[in-house]
Amino acid sequence: MFPQSTVLDPLFWMLLGAIQVLLFAGVNQWAKEHQLGMNWWKWALAGGWWFSFVLTIAGAFTLLGENEGNAGWYFLGFAGTLLVIAGAGLLKVLLVLRDKSQQLA
Amino acid sequence: MKKKQRKQSKQRFEKLASVGSILLLILAWYLGGLRIADSQNGLLNDLLADGNSLQAISAGLYQGHSKSDTQASEWIGIGSGIGYGGPMEVALTVSHQGEIKRVAVLSSKDTSSYLEKVVQGKLLDKLLGQNIKTSIYVDAISGATLSSNALLQATNAAADPVRKQLFGFTLTEPASVILNFRWLDIVALLMFALAVWVSKTRHPKKSAFNWALLLTSMGLFGFYSASLFSSSTMGIFASGAWISGLGNYTPLILLLLSAGYIIAYNKNIYCQSLCPFGAAQECLAKIGNAKATTFKHDFFIWFPRVILLAALCFGGYFRNPASFSYEPFGIMFGMVGSLYLFVLTVLVVITSLLIRRPWCRSLCPINAMTDFLKFNKNWAKQISKQRQKSRSERAPEGTIIATQASATNRSEAL
Amino acid sequence: MRKRIMALFYMLVSVLIFLQLGTRLKQMHYVQASAKPLYLVSQTSASAATTQQEEQAIDYSKWSHQYDDQQQ
Amino acid sequence: MVDKKHSEEAAASLSRRNFLKMGGIAAATATVGAAAGAGFVAGRDPDANVGWGRTEAGKDMYFNREPFRVDKAPCLNIAGPIERPEWGDFLFNRVMSMGGSMHKDGWKPNKDWQQIPDPRVREYYSRYPERWPEMLLSFREKVKHDANLEKHRDRFALAWAYSGAFGTGLHSNFPPVPTAHPDEDDFKWVKREPMEFQSPAHASKLVKQMANKFGMSLVGVTKLDPSFVFKNMMRGMPDWGEEIPKHWKNVIIFGVPMNWDPMYAAIGYSTSFDAYYRVKQASGLMAAWLGELGYAARPQFPGADYEAMMVPLAIQAGLGEATRNGILMTPEVGPNIRLAAVFTNLDLEADKPVDLHMGHFCESCKICADSCPSGSISKADKPDTVVRGYKKYGFNQDSCWRFWQQGPSETGLGCRVCIAVCPYTRKNNWIHALVKESDPRDPTGLTRNALLAMQHNFFYYPDAENYHAEWSGGNFASYHQPPEWLRSENYLKVEKTWEYDGNWEGI
């Protein structure tokens, strides 16, 4: 976030890393409450989705920063929508699996 | 009693609105007519090398005389081809040896984003330099084949009068309208029949069939060919541009079948089991298990009608209904359209994860068309019943309220 | 909650539709007012050939020295 | 008592759970905000300006070419008898000779190219007669350009000053233009016996580091291939046959990109002089450095001081590949590179060419051909002409030159639109680094097609006609709008009467 500064830049990335842990803790708590029965591949999918979502936003704004205004918004609109749909799909899968496991138990 | 009276006044208001909208459309069409008449030859002198004077020879042929040498330095031919929305007019400047010097698109009925895609694909530039002795061919721009073919057809048609003048032969016979039909039109009839069956049957698996129909329609009429109908198809139908042929008949066929069914059985099955965009929203609703929500207030019923009326009037006035389409269909199934439509489509897609069929429940023009047709049908039935009653009493005294063109007149505007 | 989302959606969509129809109206009006063909393309080399006649009017020596020592 | 403790624990765990959930949401929004901010700043970061912000030897700015070394450059495919380039093939030779005959003998050019006084120029137009009308038109349009130039001084004053500064620097006499026979002139800085290097590999390794020290971003070494040396053309010698001096054994070829922001704002705000000046200085310093170590050196530098063609030598040195618009394309900076070289008799270990599938990209891209304001770049799907034995895309020098002079700047002549719009011309930030690493490694061409789909649909390109000057039917459009420091309305007392047409940040 502060490309030329030798102090703020590392601090920023460390802070960003730290709040990812807080984010994980929050999501973990939320998942427990909804009994989603999270296992490794579900976490991998959720993490992958979150990573590509953040990557898309960063990419779109990098294009904007490079004065490619048109490309930035179109990229955000296109890739962003696909990701939102994928996210909703992932949530649906988690919920369906939870209901199925509850019926069995 | 008061309730009955309020219902009476509401009915009168709707009658007034229905007749008013038709008159407004005819007025817009008339004003458009005035505009067309004076702008024809103004366009042509842009085609001449500066300093030449224009002299009309025959219907589609002009001669450019340059001041210096008396012998004509350039010929200008005008011709038209059939595009998505109707005829597209092109003018060519051809040198004495038959080489194309200048190409100009005079008017077009296609959606401007498609025509823009053809021009950006440099199709016009490839025409330059070709000689009209042989029939001119350039490969179409992918993603806008209809407009490309229309342009090519128009160029050959425009070259014909010049060919006749310079070389004494013509190449293009009038393109028969039939060859624009394609297998998709037959599939449209088939799918519609299936939709009728699905809506009538009591079969236990009815919703599964409906889903299957929706998905195939989304695939076929949506992503594969983007040939679903919209307000511009209504405009094309109302303006009669389709009489001289259309590049792609599928949207028109779907429109006529749906409208016919609404009038016959008062039921709109297109939205329920055929509309590709509706299908897309249904799938998204399934993913986000969205629930429906609607607004009851009258404003939300009349607002889409006003927008449809405005779009059709603009289309009529500028004789180009295709360029006033405001639906997200073009972006969703072909990534063609302006930035606003792109943002609109993104909005509709994301909202349809939370709310079921947001576009259908808010501003889709097809609802407005359905209400218009149903209302007029009931009104016509009411009038014919009154006439029978009065005739049976042998003293016909009820005058018919402002005569409607006819109940079956499907010019949509309310 | 869904009602509020639908209200927001409705407002945004109608604004976008007005913008779309508005720009299209402006564009069509401009095209119609300018009375020019929608698109016009002409052969550039044609202009190269046709402008040869006025060649003699140019006084070359006046600025050709630039080429002479141009370190381009 | 016990349930009171239970309820306290329950209350505590409830608040903990709420805190985590709230914290999670806050963290998510903060991450999205940070991603947007970091992304935007990464796009803006001057360190991404390869060769201009970051130190020229910045480590991670370089593309690792080793996995892609090949023995023979794919883009130099021989399809006919190889000939060396003629004196007349060099555009500036032709223009200077015609300028001279116009100026000294009052010659008036007309439609018939047979009447060109200089036989060597006539020989070129005998091979390309269709290009003569374009050259003729260039004289006419030069007059129109000079007549209209001053009217736009308010708008382009800062751009002219920037390019004029580097232009004046470029016309300084370092390194001096050779004035004597190469056997003598190339040894003018040699003072003592040559120092022995441990091995050619050592020499190559050091030479490349020295090039970086002299300010060059990319450097390569190759054998001098005689088929790229001009015939009967030798600076300092009025007439010269086809002989190539014996001491011209190896080529040290290097380049630096033009400053990114003005380059993206081609035509009016860009100039080649900033890069020309730096590579010319570096060639002089390299020549002096070789002289100090006792080796001959023949610097080749921009403007028009060459004895050989730079692009093919750079391809053989593995700097990059050939493109549709005929200049060198490098993975780090795309075609935004200006080259200079030094011929020397120092034994060096040559680098091998690279194969980065850039040819495939050019085949389906065509953005430069569509954007070219003078339509000089071929739009064929595959290289469509054979020039002196090599199969390449056809390129009309003369129509390019005609428009080359229409730039609204007095000193910064030239167009550079094809460089600005090329998808490879990308600065060094994380998105483009990701793409540059993945595209050559993907045999299926999937990344390439996805990139091209995005390039063609998402990016805004002004129409080719709009790049023209206002007096010839355009509106001074540019791929990007000019940077803040070149906008005269920000610094000078001028009244802004113009609009910018080009990409901007869109916020």
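Chains as they are written, first to last, in this note's numbering: chain L, 204 to 308; chain D, -9 to 404; chain V, 2 to 73; chain F, 5 to 511. Beta carbons are placed, not taken as given, at the ideal position from N, Cα and C, and that holds for glycine.
Quick one: measure Cβ to Cβ for residue i and residue j, integer angstroms, because I've assumed they're closer than 8 Å.
i, j, result
"L51(D)", "P151(D)", "4 Å"
"D505(F)", "A481(F)", "4 Å"
"T259(L)", "A282(L)", "5 Å"
"F219(D)", "F323(D)", "Not really, about 13 Å apart at Cβ, beyond 8 Å."
"F399(F)", "G338(F)", "Actually they are not in contact, since the Cβ atoms of F399(F) and G338(F) sit about 17 Å apart, beyond 8 Å."
"T191(D)", "F211(D)", "With a Cβ gap of about 22 Å, T191(D) and F211(D) do not count as contacting."
"I72(D)", "L82(D)", "Actually they do not touch by this definition, with Cβ atoms about 18 Å apart."
"A301(F)", "M314(F)", "With a Cβ gap of about 16 Å, A301(F) and M314(F) do not count as contacting."
"E145(F)", "S476(F)", "7 Å"
"R420(F)", "A318(F)", "Wrong, their Cβ atoms sit about 18 Å apart, outside the cutoff."
"S85(D)", "E64(D)", "6 Å"
"W56(F)", "S413(F)", "Rounded, the Cβ-Cβ distance is 20 Å, inconsistent with contact."
If you drop the 5 nearest sequence neighbours on each side, which residues of the same chain put their C-beta closer than 8 Å to that of residue i?
i, result
"P242(F)", "none"
"V498(F)", "D158, R159, A161, S492"
"P466(F)", "S375, A481, S482, Y483, D505, G506"
"K512(F)", "Lying before the first or after the last residue shown, residue 512(F) is absent from chain F, which here runs from 5 to 511."
"A321(F)", "G224, V225, T226, V255, I257, A354, D355, P357"
Alpha carbons only, please: which of the options is nearest the one belonging to residue i?
i, options, result
"D212(L)", "W264(F), G363(F), K497(F), V45(F)", "V45(F)"
"A454(F)", "P466(F), Y465(F), V439(F), A344(F)", "V439(F)"
"A221(L)", "A344(F), A30(F), I271(F)", "A30(F)"
"G75(D)", "I345(D), L141(D), V84(D), L17(D)", "L141(D)"
"S189(D)", "L299(D), C261(D), V336(D), A149(D)", "C261(D)"
"L273(L)", "F463(F), T501(F), I511(F)", "Here the sequence assigns Asn to residue 273(L), which means Leu is not the residue at that position. Out of F463(F), T501(F), I511(F), F463(F) has the C-alpha closest to the C-alpha of N273(L)."
"F170(F)", "W502(F), K396(F), P377(F), Y280(F)", "Y280(F)"
"L329(D)", "L279(L), W246(L), H237(L), V299(L)", "L279(L)"
"A312(D)", "F159(D), W232(D), A130(D)", "W232(D)"
"F143(F)", "T172(F), Y128(F), M102(F)", "M102(F)"
"E469(F)", "N432(F), S378(F), W489(F)", "S378(F)"
"M240(F)", "V181(F), A38(F), L141(F)", "In the sequence under discussion, the amino acid at residue 240(F) is Gly, which differs from the Met named in the question. The residue with the shortest Cα to Cα distance from G240(F) is V181(F)."
"W233(L)", "Y273(F), R20(F), D359(F), K356(F)", "R20(F)"
"Y104(D)", "A216(D), I122(D), K116(D)", "A216(D)"
"A183(D)", "S234(D), S263(D), R346(D)", "S263(D)"
"I18(V)", "M359(D), N357(D), W349(D), Q372(D)", "W349(D)"
"P355(D)", "L205(D), H55(D), N310(D), A300(D)", "A300(D)"
"L20(V)", "S315(D), I373(D), S352(D)", "S315(D)"
"M237(F)", "W408(F), E441(F), M458(F), D93(F)", "D93(F)"
Leaving aside the five residues before and after residue i along the sequence, list all residues of the same chain whose C-beta is less than 6 Å from its C-beta, in chain order.
i, result
"I248(F)", "P230, V233"
"G275(L)", "A263, L266, L267"
"F319(D)", "L218, S220, F267"
Near residue i, which residues of its chain fall below 7 Å by C-beta distance, leaving aside the five closest residues on each side in sequence?
i, result
"A207(F)", "F201, L350, D351, L352"
"A49(V)", "In this predicted model, A49(V) has a pLDDT of only 42, less than 50, meaning its place in the structure is not dependable enough to derive any value."
"G237(D)", "I72, G73, Y74, L136, N139, A140, N170"
"Y268(F)", "A424, Y483, H484"
"A184(F)", "G240"
Can you find a heavy atom of the ligand FMN that lies under 7 Å from the Cβ of residue i?
i, result
"V152(D)", "With respect to small molecules bound, the structure shown includes none, and the ligand FMN cannot be examined in it."
Segments of 3+ residues assigned as beta strand (DSSP E) that fall wholly inside the segment 341 to 382 of chain F: 342 to 348
Contacting positions in the segment 193 to 224 of chain D - beta carbon closer than 8 Å to chain V: none
For a minimum of 3 consecutive residues, which ranges assigned as the beta strand (DSSP E) are wholly contained in the segment 138 to 164 of chain F? none
Given a limit of 8 Å on CB to CB distance, which residues of the segment 263 to 275 of chain D reach chain L? L274
Length-filtered (3 minimum) beta strand (DSSP E) runs lying within the segment 72 to 152 of chain D: 77 to 85, 90 to 97
At 4 residues or longer, what runs of the alpha helix (DSSP H) sit wholly inside the segment 194 to 232 of chain F? 204 to 217
Under 9 Å (Cβ pairs) to chain D, residues found in the segment 26 to 39 of chain V: L26, Q28, M29, H30, V32, Q33, A36, K37, P38, L39
Beta strand (DSSP E) runs wholly inside the segment 313 to 352 of chain D, at least 3 long, in chain order: If we require 3 residues or more, the segment 313 to 352 of chain D turns out to have no beta strand (DSSP E) run fully inside it.
Please list, in chain order, the residues of the segment 260 to 285 of chain F that have any C-beta partner in chain L closer than 9 Å. Listed in chain order, the positions of the segment 260 to 285 of chain F with a beta carbon within less than 9 Å of a beta carbon of chain L are D265, Y268.
Chain F contacts made by the segment 264 to 279 of chain L, where a contact means CB separation under 8 Å: F264, T265, L266, L267, G268, E269, N270, E271, G272, N273, A274, G275, W276, Y277, F278
Could you list the residues in the segment 455 to 474 of chain F with a C-beta less than 7 Å from some C-beta on chain D, going in chain order? N461
Mind checking the segment 112 to 146 of chain D against chain V and listing, in chain order, the residues whose C-beta falls within less than 7 Å of any C-beta there? Those would be L114, D115, L118, G119, in chain order.
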